[in-house]
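Protein chains in written order, with our numbering: chain F, 1 to 289; chain P, 290 to 684.
All residues carry an ideal CB built from backbone N, CA and C; glycine is no exception.
All values reported here derive from a predicted model rather than from experimental measurement.
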Amino acid sequence: MEQILANGVYLGSQYAMIALGLTLIFALMNVLNFAHGQMYVIGGFVTYTFYGQWGVPFVLALVMSCVTLAILGALIERFLFAPVIKGSAREESTMLLAAGIAFFLDAVILLVFGEKQRGVPKIVDGVFNYDFRLIMPYDRILICVLAILSIVAFIGLMQYTKTGRALRALAQDRTAAQLMGVNVDRYSMIGFALGAMLAGLVGGLLVTITGVNLGMGGPTSIKAFMMVMIGGAGVISGAIWGGIILGFMEAIGLAVLYQYGDITYLLIFVSLMIFLAIRPQGLMGKPWG
Amino acid sequence: MQRRSLMKAALTAATLTAFGATAAFAENPVLKIGFVGVTSGPAAAWGISNQRSMEARAAWINETGGYTIGDTTYDIEIVSFDDQKDPKRAIAGMEKMAQEGIHYVVGPNVDDGAAAVRPVAESNGIMYFPYAFPKSLYQAPASNAVLGMVANYQSGPAIYKYLMENEGVKTVAFIAANESDPLSQRDGGVEAATALGMEVVSDNVTYQVDTTDFTPVLTPVMRAQPDLLVLSGVSPANAPQLIRSARELGFQGLISTETAQDAGVLAEGAGDLANGFISVGGASTPELASPMMIEFVQRYTDMFGEYNDESNTKVYALEYILETLKVDPSAITDVDAFQTTMDTFEAPNPYMNGDAKLRYVGMTSFGQRRQVAVPLVVNVFQDGAFETLFVAEVD
Numbered sequence: 001m002e003q004i005l006a007n008g009v010y011l012g013s014q015y016a017m018i019a020l021g022l023t024l025i026f027a028l029m030n031v032l033n034f035a036h037g038q039m040y041v042i043g044g045f046v047t048y049t050f051y052g053q054w055g056v057p058f059v060l061a062l063v064m065s066c067v068t069l070a071i072l073g074a075l076i077e078r079f080l081f082a083p084v085i086k087g088s089a090r091e092e093s094t095m096l097l098a099a100g101i102a103f104f105l106d107a108v109i110l111l112v113f114g115e116k117q118r119g120v121p122k123i124v125d126g127v128f129n130y131d132f133r134l135i136m137p138y139d140r141i142l143i144c145v146l147a148i149l150s151i152v153a154f155i156g157l158m159q160y161t162k163t164g165r166a167l168r169a170l171a172q173d174r175t176a177a178q179l180m181g182v183n184v185d186r187y188s189m190i191g192f193a194l195g196a197m198l199a200g201l202v203g204g205l206l207v208t209i210t211g212v213n214l215g216m217g218g219p220t221s222i223k224a225f226m227m228v229m230i231g232g233a234g235v236i237s238g239a240i241w242g243g244i245i246l247g248f249m250e251a252i253g254l255a256v257l258y259q260y261g262d263i264t265y266l267l268i269f270v271s272l273m274i275f276l277a278i279r280p281q282g283l284m285g286k287p288w289g
Numbered sequence: 290m291q292r293r294s295l296m297k298a299a300l301t302a303a304t305l306t307a308f309g310a311t312a313a314f315a316e317n318p319v320l321k322i323g324f325v326g327v328t329s330g331p332a333a334a335w336g337i338s339n340q341r342s343m344e345a346r347a348a349w350i351n352e353t354g355g356y357t358i359g360d361t362t363y364d365i366e367i368v369s370f371d372d373q374k375d376p377k378r379a380i381a382g383m384e385k386m387a388q389e390g391i392h393y394v395v396g397p398n399v400d401d402g403a404a405a406v407r408p409v410a411e412s413n414g415i416m417y418f419p420y421a422f423p424k425s426l427y428q429a430p431a432s433n434a435v436l437g438m439v440a441n442y443q444s445g446p447a448i449y450k451y452l453m454e455n456e457g458v459k460t461v462a463f464i465a466a467n468e469s470d471p472l473s474q475r476d477g478g479v480e481a482a483t484a485l486g487m488e489v490v491s492d493n494v495t496y497q498v499d500t501t502d503f504t505p506v507l508t509p510v511m512r513a514q515p516d517l518l519v520l521s522g523v524s525p526a527n528a529p530q531l532i533r534s535a536r537e538l539g540f541q542g543l544i545s546t547e548t549a550q551d552a553g554v555l556a557e558g559a560g561d562l563a564n565g566f567i568s569v570g571g572a573s574t575p576e577l578a579s580p581m582m583i584e585f586v587q588r589y590t591d592m593f594g595e596y597n598d599e600s601n602t603k604v605y606a607l608e609y610i611l612e613t614l615k616v617d618p619s620a621i622t623d624v625d626a627f628q629t630t631m632d633t634f635e636a637p638n639p640y641m642n643g644d645a646k647l648r649y650v651g652m653t654s655f656g657q658r659r660q661v662a663v664p665l666v667v668n669v670f671q672d673g674a675f676e677t678l679f680v681a682e683v684d
């Protein structure tokens, strides 16, 4: 039981971080960013390059992942999403654009970083072992703590800073925010950059545990969408709860159902379908959007 | 005016360069060889190492004047198609090869893709070299598929027997991704281990192919405390994470797989925790690699920036195709002639020291010669590199 709880907390914290950036972008711009997983992968590769290849301290490499993705996110918003949103009222236009960006980034990742799985040296050695009832490597514990601290910092930013208030206003009602003097274009770009930065941050954190490869983008996006659907699209707290719930469902399923083969995700998908049929707006979402 | 002149000069230079490149390429007639495999997504490393092996070898051949078959010297062109590990795409890829008049194709990389393309290949006179293990692909009445590597049901028993005799292994656990290839390899491994008298203590734990953290997945397997943990059909992306998680969970036993791996990937992903990991390799360990293999590795590295140890097994298919065509040039457009030649074909293995031969095998496993005789080289990972554990042959 201790192991299941620990695995659930660990998986939940990393999943919540992955979902946060995606839901932020959706909340601000009503854009389903299919390239979120690819941004996560780029974040992992940037940390890999700086920390794993060039020997830069891990924290600095993590900062480089955040900065790279923030710049990439800002550029994508300014030169791709903003013009499309202004020029087309159809939602599928941004969806197609996001899918196109995902394919493009996959190709760029292959060209720049290659096809191989990459990994970095462990940031902390050793394994916590409580009487073989709870085994957790120290680096996972550290990453879990860092992920939780990052989530807390993000919530603090959204709640207590001018930027956060502007972003929340934008998410609640774009027109009203504009009437109140919020520079919508500027804060859309900042929000998208922040969402991309979160993807880069979690990619950089997790490369120390899971490594990174070019194929991780698509599956990461799918998992992030699941968490957002569970918690409610565009709701920050919903993304966090979605991540935690998915993390615990996975941890419990893998521990309890292993003798029946790989049915954990089958059950998760079935549960999700039933849940969405009953509550299509997710846990924290509002039925009116 | 000056600007316009500059643009004209640039345009002229570009045209001349393009024309020059075409002219250089067109010195010899071109022999097209196809590749249909996965070069995107989580399993991209498998197909890309295939494709790049072929491209590196083709570039080498073309640079040194081409490949002479009969009275004609050809430049080799590799035509590639990414099937995205999707059988429908694999069929589309094989149809593209047929439309281009290609009769020899390397790939697909996985079981369902290889099975899906069989009707297209057989009806269009295409010989194809899959990296897939189902016996039905190679047993009569199937005729056009040639297994491009050693199958798990050939390497697995050899590895288990070696470990039983040399390491005293008695119990074994299997873990596999929830996909057709790894699951069939797991079932084959369980069958082989049981036949050898090993006790299988866990064989029902599987994982999603996109799993990135294996600690929760492996926890139940570790409770069984096997002497040997077999990572059935494990992809190079997942192997280091599985090894690392197993060791961090306190597993002290041996870990092995029957798929080819890359030493650099293992070193980065698992470091010293991967020491002792047993996998199937090719002929690039220092004691086995011939001067030609060493040059191939160097050329591949120069061309793509980094070598992939998986190419040690994937360097062979193109060589087999070309060497067989050399024996009977009419086979360039006649796969029946190719199949006839396969029964008696034999040539020196240029990639391996010693007197190893290129020849077609498979009589024991398939009842007909539908497998390339690549050496069964079993490697052990130690301090960042592979060492040869033992070498065997498949008949």
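(message) For a cutoff of 8 Å on Cβ pairs, would you count F314 of chain P as touching chain F?
(response) At F314 of chain P the pLDDT is 49, less than 50, meaning the model places this residue with poor confidence; the figure from the coordinates comes in the next sentence. So no, F314 of chain P is outside the interface.
(message) Here's a check: name, in chain order, each residue in its chain whose Cβ is nearer than 6 Å to the Cβ of S93 of chain F, leaving out the five neighbours to either side.
(response) By the criterion of a C-beta distance shorter than 6 Å, S93 of chain F is surrounded in its chain by V84, once the five residues flanking it on both sides are discounted.
(message) Nearest by alpha-carbon distance to Q497 of chain P: which of P:I322, P:A526, P:G477 is it?
(response) Checking every option, the nearest Cα to that of Q497 of chain P belongs to P:A526.
(request) Going by CA-CA distance only, name the one from F:V9, F:P121, F:I190 that's closest to T47 of chain F. (result) Looking at the Cα atoms, F:P121 is the closest of the given residues.
(message) Under 8 Å, CB to CB, which of the residues in the segment 448 to 472 of chain P have a partner in chain F?
(response) Only N467 from the segment 448 to 472 of chain P bring a Cβ to less than 8 Å from some Cβ of chain F.
(request) Could you pull the start and end residues of the alpha helix (DSSP H) that P446 of chain P belongs to? (result) P446 of chain P -> alpha helix (DSSP H) spans 441 to 456.
(message) Closest to A345 of chain P by C-alpha separation, out of P:A334, P:M592, P:Y605, would be which residue?
(response) Taking A345 of chain P as reference, the option from P:A334, P:M592, P:Y605 with the minimal CA-CA separation is P:M592.
(message) Counting only Cβ pairs nearer than 9 Å, list the residues of chain F close to E344 of chain P.
(response) Result: empty, since nearest Cβ-Cβ is about 13 Å, beyond 9 Å.
(request) Output the distance between the C-alpha atoms of A313 of chain P and E389 of chain P, rounded to the nearest integer angstrom. (result) The predicted model places A313 of chain P with a pLDDT of 45, which falls under 50 and marks its position as unreliable, so this point remains unresolved.
(request) At 7 Å on the CB atoms, spell out the chain P contacts of I123 of chain F, in chain order. (result) None at all; the shortest Cβ gap to chain P is about 12 Å.
(message) Quick check on L11 of chain F - is its C-beta less than 8 Å from some C-beta in chain P?
(response) Put simply, the CB of L11 of chain F is near chain P, with a gap under 8 Å to one of its CB atoms.
(request) Give, in chain order, every residue of the segment 492 to 509 of chain P whose Cβ lies closer than 7 Å to some Cβ of chain B. (result) In the displayed structure, chain B is absent; the protein chains listed are F and P.
(message) What does the alpha-carbon distance come out to for the pair E547 of chain P and L531 of chain P?
(response) Approximately 15 Å, taken between the alpha carbons.
(message) Quick check: the Cα distance between Y260 of chain F and Q117 of chain F, rounded to an integer number of angstroms?
(response) So the two alpha carbons sit approximately 29 Å from each other.
(message) Give me the DSSP bridge partner(s) of M180 of chain F.
(response) Bridge partners of M180 of chain F: none, in fact.
(request) From the DSSP output, in three-state form, read off A35 of chain F for me. (result) Here A35 of chain F sits in coil by DSSP.
(request) Work out the CA separation of V461 of chain P and I567 of chain P for me, nearest whole Å. (result) Rounded to whole angstroms, the separation of the alpha carbons of V461 of chain P and I567 of chain P is 14 Å.
(request) Have a look at M416 of chain P and T622 of chain P and give me their C-alpha separation to the nearest angstrom. (result) CA-CA distance, M416 of chain P to T622 of chain P, rounds to 11 Å.
(message) Please confirm whether L214 of chain F has its beta-carbon closer than 8 Å to some beta-carbon of chain P.
(response) Yes, its Cβ sits closer than 8 Å to a Cβ of chain P.
(message) I'd like the span of the alpha helix (DSSP H) that includes R407 of chain P, first residue to last.
(response) Looking at the DSSP string, the run of the alpha helix (DSSP H) that includes R407 of chain P is 407 to 412.
(request) Give me whichever residues DSSP pairs with Q671 of chain P in a beta bridge. (result) In the DSSP assignment, the residues bridged to Q671 of chain P are P:A674.
(message) Quick check: G200 of chain F and L69 of chain F, are their CB atoms within less than 8 Å of each other?
(response) Yes, Cβ-Cβ distance for G200 of chain F and L69 of chain F is below 8 Å.
(request) Report yes if the CB atom of I226 of chain F is closer than 8 Å to the CB atom of L272 of chain F, and no otherwise. (result) The sequence shown places Met at residue 226 of chain F, not Ile. Here M226 of chain F is near L272 of chain F, since their CB atoms are less than 8 Å apart.
(request) For the segment 105 to 120 of chain F, enumerate the residues whose C-beta is nearer than 9 Å to any C-beta of chain P, in chain order. (result) Hits within the stretch, in order: D106, A107, L110, G114, E115, K116, Q117, R118, G119, V120.
(request) Look up M64 of chain F in the DSSP assignment and say whether it is helix, strand or coil. (result) Helix.
(request) List the residues of chain P whose Cβ lies closer than 7 Å to the Cβ of A19 of chain F, in chain order. (result) What A19 of chain F touches in chain P: nothing, since even the nearest Cβ is about 15 Å away.
(message) I want to see whether chain F comes within less than 8 Å of D551 of chain P, judged by CB atoms only; does it?
(response) At a cut-off of 8 Å between C-beta atoms, D551 of chain P counts as an interface residue with respect to chain F.
(request) Indicate whether S188 of chain F and L28 of chain F have their beta-carbon atoms separated by less than 8 Å. (result) The answer is yes: Cβ separation under 8 Å.
(request) Give me the Cβ distance between G285 of chain F and A239 of chain F, rounded to the nearest whole Å; I'm assuming they're in contact under 8 Å. (result) Actually they are not in contact, since the Cβ atoms of G285 of chain F and A239 of chain F sit about 11 Å apart, beyond 8 Å.
(message) I need the DSSP call for V207 of chain F, collapsed to helix, strand or coil.
(response) Here V207 of chain F carries a helix assignment [DSSP, helix/strand/coil].
(request) Give, in chain order, every unbroken run of the beta strand (DSSP E) that is at least 3 residues long and sits entirely within the segment 185 to 253 of chain F. (result) None, since the segment 185 to 253 of chain F contains no complete beta strand (DSSP E) of that length.
(message) Can you pull out the residues from the segment 253 to 278 of chain F whose beta carbon lies closer than 7 Å to at least one beta carbon of chain P?
(response) Listed by position, the residues of the segment 253 to 278 of chain F near chain P (Cβ gap below 7 Å) are L254, A255, Y258, Q259, G261, D262, Y265.
(request) Given a cut-off of 8 Å, decide if W335 of chain P and E599 of chain P are closer than it, judged by their beta-carbon atoms. (result) Yes, Cβ-Cβ distance for E599 of chain P and W335 of chain P is below 8 Å.
(message) On a Cα-Cα basis, can you pick out the residue from P:L607, P:Y427, P:L472, P:F503 that is closest to M652 of chain P?
(response) Answer by Cα proximity: P:Y427.
(request) Please confirm if the segment 505 to 525 of chain P is in contact with the segment 243 to 256 of chain F, defined as three or more CB-CB distances below 8 Å between the two stretches. (result) Flag = yes, the segment 505 to 525 of chain P and the segment 243 to 256 of chain F touch.
(message) Distance check for M17 of chain F and T175 of chain F, CA to CA, integer angstroms please.
(response) Per the coordinates, the alpha-carbon of T175 of chain F lies some 29 Å from the alpha-carbon of M17 of chain F.
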